Every structure is written in structure tokens, then in C-alpha cells.
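Visitor:
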Ligand code: MRU
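In our numbering, the protein residues as written are 1281 to 1662.
See the structure below:
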């Protein structure tokens, strides 16, 4: 992502590796400060994920891939690092997907650093393809509601939700993005607004509870959100508050799109009921900008994600095309795409299916890929 900072133009990824360190934009300080967090070991990477230095499902996956590469370079058993990284945030699927990929690649003797770099490149490529498939939905004059941050900061670069927005903007279309502030951690007001401002995309931040009014008044043309985990039946875990937006969108006849790479789909889970929901510290709700807002002794409950049933989702925008929830299964399995194995780290690396974007609402045609490995028993338990 291109970022203007203190009069300079910087070209940054959300997470990258400068051996022996893993580096990432420290998202806790945006939009006021651009700081880089330096992880000296896989333990630092695990802390960074847990404390949301890096956040957003695909970015967490890439950070974990680099963390395992770092462990290998430092002579640590990859399973030791994997164990610590799995134990950071339970909801997003990309974390577990990336860890399994790295263990598989290292296990078969691939170079760990090259494998992690290949993983990060594939994440970017998937976002690029999501942009190509999704940009046609963003018409001149569109008014789009988004929740949380599913931008470049939530991935290695480009973003999922922001990929179609960036492309439509680059093509000269003018549109407006309503950005939910996204309590309690304000990823919308702090991160999405920052990214859109950097790009010069017209946007306005709204309080989370303003979205219903705007939808009722006909001021939103469609909702576009990311995902942390998608179950096989199309139920979607995403940032807390997403479910409410989906229900109100349906009530008002407004399309609700989910932009996500296939690495976010967990075909091992039949429905969203099985998705583990992270509960985060009470202070994220009770303390704002260092100041406690509730009386001493008042407790808070802070679930970080909710699950939107598939019936509220108009379609998924994936790197393989735009797919209705009932067709999600077409993205699974050998020869039909879906949750593809990330590329081998050699120069033969596969990249996602290239070529023309598919038509909306149809399962995309795709090249032959090998099926995903079965999840570990630990993953199934989650
Ligand atoms: O708690 P966070 O900030 O990691 O939650 C992030 C989200 O819910 C995003 O919408 C999701 O990961 C999609 S990112 C492309």
C-alpha cells in the first residue's frame, strides 16, 4: 500500500520479514502514528497477534507463516512455534490455514522463508483477484456501507473489501463509503478511514448504530464486509455487529456482500454454530482513549465476532469469482478450486487462477488444484 507519511511516500506491506526479524505495521497506533513493530522471535509474533499489533484474518495468517519461518531460521522446532501461534486468536480461519501450510512445506523439506514469502504473495494475489471480480459492483454514485477494517491492513496488502473499491476508484468512478466506526476497537474509524483517506476515496464515518437509519432511508446501495471464518454452509463470522447490519440490510432489500479469500473458508465446519467466538478483555469496552467510561465495579462483555447466517448473504466475492452461498461448495475439492493449497515455494509456485473475472453470482471456473489437507484434530476441536 502506498502511504503518505510526514511528507514522504512509502510503499508498505502490513507484515513482512527482514530475517531474522518479522516486521509489521503496528496498527494500535494508527491513524496518529505510523510505527513498525519488530518481532525478534515467534513468541513476539504470537504476542503481536494476540494484542492486535497485526489484525484481520489474512494478515494474521501471513504473520503466523512468517513466525514459523523465523522459528525455523532460529533453530526452533516448527511445531513449537505452531503451538504458540495457534493459541493466539481462535476465530479467524487463515491463522490455522497458514500454520498447517507452513508445517506441511517445512515437513517436506521446503525452504521455510521461501514458503512464507510465497504464502504472503499468494495472499496479495487473491486480494487482487477479489478486486477484479468485485469492482463491477461498485458503480458511479454507489453508496456502500462497510464494517470494521477489511483493507490492506487486514491482509498483506490491497485488502478484500478495499480491493474492489481501489480498482473502481482507479478507473475514475466516484462513490461514497459509509464506514462504521466499529466499537469497541474502532477499526473502522481508525483504520478503514485512514486507508480510504490515503487513497482519496470519498468516505464518511458513522456511529455503528446509525447504519439502520441510513438503510431505512435508502441511503445505502449495498453492504460490503470481510470475513474471519466462513463455514461450509456459508455462515460468516466477522467483526461483532456484522450480523445486525445483515439483518437490517435484508429487511430493507439491500444486497449484502462478503469479500473474502478462499483461505477464510473452513469446509471442515458445517455451520457457523461451530465457529469459536473470541471474547476479548472488558477494558476494550469500558475504557476509551485511556479513560474509564463505566462506573468502577461495572463489568463488560466483549465478544469480538458474531455469525451472520448464510441466508443474509447475497454473495461472496472470492478470488475465484462471485459465488452465492448455496454454491460455496463448488469452491471445494480437487479440480474445482476452493481452498487451494498455497503454492510451493519454488519458482514453480502456483498462483491463483488468472484470466477474466467471472460473472457475478456464478461459481467461478478454476484450474485444477489439490484439495486442502484435513484439519488437525486440534483445529476440529476449535
Ligand atoms: O478483530 P479484528 O480486527 O482482527 O477483526 C477483523 C475483522 O473482523 C475483519 O473484518 C476480517 O478479518 C476480514 S479482514 C480481510
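All C-beta atoms in this analysis are idealised placements derived from N, C-alpha and C, irrespective of residue type, glycine included.
This one's a predicted model, so the numbers in the text were calculated from it and none came from an experiment.
Buried or exposed: where does residue 1487 fall if 16 or more other Cβ atoms within 10 Å of its Cβ makes it buried?
Guide: In the chain shown, counting from the first residue as 1, residue 1487 sits at position 207. Per the 10 Å Cβ criterion, exposed.
Visitor: Using DSSP with H/G/I as helix, E/B as strand and the rest coil, what is residue 1487?
Guide: Within the chain shown, the letter at position 207 stands for residue 1487. Coil.
Visitor: Residues in its own chain within less than 8 Å of residue 1330 by CB, not counting five upstream and five downstream?
Guide: As a first step, residue 1330 is located in the chain shown; it is residue number 50 there, counting from the start. Excluding residues within five positions, the ones whose Cβ falls inside 8 Å are 1368 and 1369.
Visitor: Closest to residue 1537 by CA distance: which of 1346, 1283, 1336 and 1602 is it?
Guide: To locate residue 1537, count along the chain shown from 1; it is residue 257. Cα-wise, what sits closest to residue 1537 is 1602.
Visitor: Which residues in the same chain have their Cβ closer than 6 Å to the Cβ of residue 1599, if we skip the five residues on either side of it in sequence?
Guide: Indexing the chain shown from 1 puts residue 1599 at position 319. 1406, 1409, 1410, 1541 and 1632, listed in sequence order.
Visitor: Judging by CA-CA distance, which residue of 1545, 1532 and 1468 is the nearest neighbour of residue 1612?
Guide: On the chain shown, residue 1612 is found 332 positions in, with the first residue counted as 1. Of the listed residues, the one whose Cα sits closest to residue 1612 is 1545.
Visitor: Would you mind working out which of 1393, 1353, 1452 and 1568 sits nearest residue 1418, comparing C-alpha positions?
Guide: To locate residue 1418, count along the chain shown from 1; it is residue 138. For the residues 1393, 1353, 1452 and 1568, the minimum Cα distance to residue 1418 belongs to 1452.
Visitor: Could you work out which residue in 1289, 1313, 1341 and 1446 is closest to residue 1378 when comparing CA atoms only?
Guide: As a position in the chain shown, residue 1378 is number 98, starting the count at 1. Taking only the C-alpha atoms, the option nearest residue 1378 is 1341.
Visitor: What's the C-alpha gap between residue 1483 and residue 1426?
Guide: Sequence index remark: in the chain shown, residue 1483 carries index 203 (1-based). Sequence index remark: in the chain shown, residue 1426 carries index 146 (1-based). Cα to Cα, the separation comes out at about 10 Å.
Visitor: Could you tell me whether the stretch 1357-1366 touches the stretch 1320-1334, using the rule of 3 or more Cβ pairs below 8 Å?
Guide: At 8 Å Cβ cutoff, the stretches touch.
Visitor: Residue 1431 by DSSP, collapsed to three states: which one?
Guide: Numbered from its first residue, the chain shown carries residue 1431 at position 151. Strand.
Visitor: Spatial neighbours of residue 1467 within its chain, please: CB distance less than 6 Å, with the 5 preceding and 5 following residues excluded, ordered by chain position.
Guide: Within the chain shown, residue 1467 is the residue found at index 187, counting from 1. Correct list, in chain order: 1428 and 1429.
Visitor: For a test of the three-state rule: what should DSSP assign to residue 1545, helix, strand or coil?
Guide: Taking the first residue of the chain shown as position 1, residue 1545 is located at position 265. Residue state, collapsed to three classes: strand.
Visitor: So what's residue 1298 in DSSP terms, helix, strand or just coil?
Guide: Residue 1298 sits at position 18 when you count from the first residue of the chain shown. Residue 1298: strand per DSSP, three-state reduction.
Visitor: Within this structure, are the beta carbons of residue 1514 and residue 1539 separated by less than 8 Å?
Guide: The sequence position of residue 1514 within the chain shown is 234, counting from 1. The sequence position of residue 1539 within the chain shown is 259, counting from 1. Taking 8 Å as the Cβ cut-off, residue 1514 and residue 1539 do not qualify as a contacting pair.
Visitor: Please report the straight-line C-alpha distance between residue 1313 and residue 1339, rounded to a whole angstrom.
Guide: Taking the first residue of the chain shown as 1, we reach residue 1313 at position 33. Taking the first residue of the chain shown as 1, we reach residue 1339 at position 59. Approximately 20 Å between the Cα atoms of the pair.
Visitor: Below 8 Å on the Cβ atoms is my contact criterion, and I expect residue 1437 with residue 1294 to pass it. Report the Cβ-Cβ distance as a whole number of Å.
Guide: Along the chain shown, read from residue 1 onward, the residue named residue 1437 stands at position 157. Along the chain shown, read from residue 1 onward, the residue named residue 1294 stands at position 14. Sure, about 7 Å apart at Cβ, within 8 Å.
Visitor: Should residue 1518 be listed as close to the ligand MRU, given that the test is whether its C-beta is under 7 Å from any heavy atom?
Guide: Residue 1518 sits at position 238 when you count from the first residue of the chain shown. Yes.
Visitor: To the nearest angstrom, how far is it from the Cα of residue 1420 to the Cα of residue 1522?
Guide: One-based indexing of the chain shown puts residue 1420 at position 140. One-based indexing of the chain shown puts residue 1522 at position 242. Roughly 25 Å separates the two Cα atoms.
Visitor: Nearest by alpha-carbon distance to residue 1550: which of 1606, 1495 and 1560 is it?
Guide: Translated into the one-based positions of the chain shown, residue 1550 becomes position 270. Taking only the C-alpha atoms, the option nearest residue 1550 is 1606.
Visitor: Is it right to say residue 1433 is buried, meaning 16 or more other beta carbons lie within 10 angstroms of its own, or is it exposed?
Guide: In the chain shown, residue 1433 corresponds to position 153, counting from 1. Under this definition residue 1433 is a buried residue.
Visitor: Could you check the C-alpha separation between residue 1458 and residue 1355 for me, to the nearest Å?
Guide: The sequence position of residue 1458 within the chain shown is 178, counting from 1. The sequence position of residue 1355 within the chain shown is 75, counting from 1. Cα to Cα, residue 1458 sits roughly 47 Å from residue 1355.
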